[in-house]
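Chemist: In our numbering, the protein residues as written are 10 to 188. For glycine and all other residues, C-beta sits at the position ideal for the given N, C-alpha and C. Okay, handing you the structure first.
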Amino acid sequence: AEYAEAVFVTLMSKTSHWDAGIRSLAAKALASIFDLVSEQILTTAVPQWLEAARARAVSIRHGALLALGHVLHAAAVDGLDGACDVSALVALIPEYDAARKFKGVAGVLTRKGMLELVSLVSSAGLALSDDDRAIVLEFVLASFRAPEAVEDAKAALSAFGQVHLMAEDGELSLARVAE
Numbered sequence: 010a011e012y013a014e015a016v017f018v019t020l021m022s023k024t025s026h027w028d029a030g031i032r033s034l035a036a037k038a039l040a041s042i043f044d045l046v047s048e049q050i051l052t053t054a055v056p057q058w059l060e061a062a063r064a065r066a067v068s069i070r071h072g073a074l075l076a077l078g079h080v081l082h083a084a085a086v087d088g089l090d091g092a093c094d095v096s097a098l099v100a101l102i103p104e105y106d107a108a109r110k111f112k113g114v115a116g117v118l119t120r121k122g123m124l125e126l127v128s129l130v131s132s133a134g135l136a137l138s139d140d141d142r143a144i145v146l147e148f149v150l151a152s153f154r155a156p157e158a159v160e161d162a163k164a165a166l167s168a169f170g171q172v173h174l175m176a177e178d179g180e181l182s183l184a185r186v187a188e
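The structure is reproduced here in structure tokens:
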């Protein structure tokens, strides 16, 4: 706990590192120290990452998506479901699509980051409105057309489906799909 603040600051800076692997490790490490620095993450980092998710630079955008996914998952595990407005995250999907941020080489990283965010937010059991659920499902299904993202799309669909498309008896709910 003594060094948590310094570790937090260092890891925050690494979420926009030029290497995608470093960004991923930083996001996972931030989640692992969430209990020690939850207040700083929720009051400082989450708003910064929401802004960074709209950055022009793909490394910043990708790192923000990864960090948001991992720390929101950690927050939900700790019972802090309202740590972030999930609708604000879902709103990024049509925004990215309109700005063509899912296209090209940079788009692959953005798509993969968003799919990981979907997986983490879904596996945390965070609630989505019917409209948000439809947006996310459409995005995940469309991601199967991007060969580089198929594995990520499978993981996202699995996590999303278990939480948002299953009936209480464990069967796929066609009513929930149609909503």
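With a cut-off of 8 angstroms, do at least 3 Cβ pairs link the stretch 149-163 to the stretch 66-73?
Modeler: Because the criterion of three Cβ pairs below 8 angstroms is not met, the stretch 149-163 and the stretch 66-73 do not touch.
Chemist: Is F43 closer than 8 angstroms to A85 when the C-beta atoms are compared?
Modeler: By 1-based counting over the sequence shown, the position of residue 85 is 76. By 1-based counting over the sequence shown, the position of residue 43 is 34. Cβ atoms of A85 and F43: not closer than 8 angstroms.
Chemist: Tell me the DSSP secondary structure of L126 in three-state form.
Modeler: Along the sequence shown, read from residue 1 onward, the residue named residue 126 stands at position 117. Three-state result, L126: helix.
Chemist: Can the beta-carbon of C93 be found less than 8 angstroms from the beta-carbon of V55?
Modeler: Here residue 93 corresponds to residue number 84 of the sequence shown, with the count starting at 1. Here residue 55 corresponds to residue number 46 of the sequence shown, with the count starting at 1. In this structure, V55 lies closer than 8 angstroms to C93 by Cβ.
Chemist: Select from E104, V99, S25 and A100 the residue whose C-alpha is nearest the C-alpha of A61.
Modeler: Looking up residue 61 in the sequence shown gives position 52. Here the closest residue by C-alpha is S25.
Chemist: Can you tell which of S131, L89, R109 and S41 has the C-alpha that lies nearest to the C-alpha of V67?
Modeler: Mapped onto the sequence shown, residue 67 falls at position 58. Considering only alpha carbons, the answer is R109.
Chemist: Starting from R63, follow the alpha helix (DSSP H) in both directions and report where the run begins and ends.
Modeler: As a first step, residue 63 is located in the sequence shown; it is residue number 54 there, counting from the start. Segment: none, R63 is in no alpha helix (DSSP H) and carries neither H nor E.
Chemist: Between which residues of its own chain and R185 is the CB-CB distance below 6 angstroms, once the five residues before and five after are set aside?
Modeler: Your numbering for residue 185 matches position 176 in the sequence shown. The predicted position of R185 is uncertain, since its pLDDT is 49 and thus under 50; no value can be drawn from it.
Chemist: Touching or not, the stretch 109-120 and the stretch 128-144, by the rule of three or more beta carbon pairs under 8 angstroms?
Modeler: Because the criterion of three Cβ pairs below 8 angstroms is not met, the stretch 109-120 and the stretch 128-144 do not touch.
Chemist: Given a threshold of 16 other Cβ atoms within 10 Å of its Cβ, counted over all protein chains shown, does L6 qualify as buried or as exposed?
Modeler: Outside the displayed span of the chain (10 to 188) sits residue 6, for which this structure offers no information.
Chemist: Going by the CB atoms, is the gap between S138 and A168 shorter than 8 angstroms?
Modeler: In the sequence shown, residue 168 corresponds to position 159, counting from 1. In the sequence shown, residue 138 corresponds to position 129, counting from 1. No.
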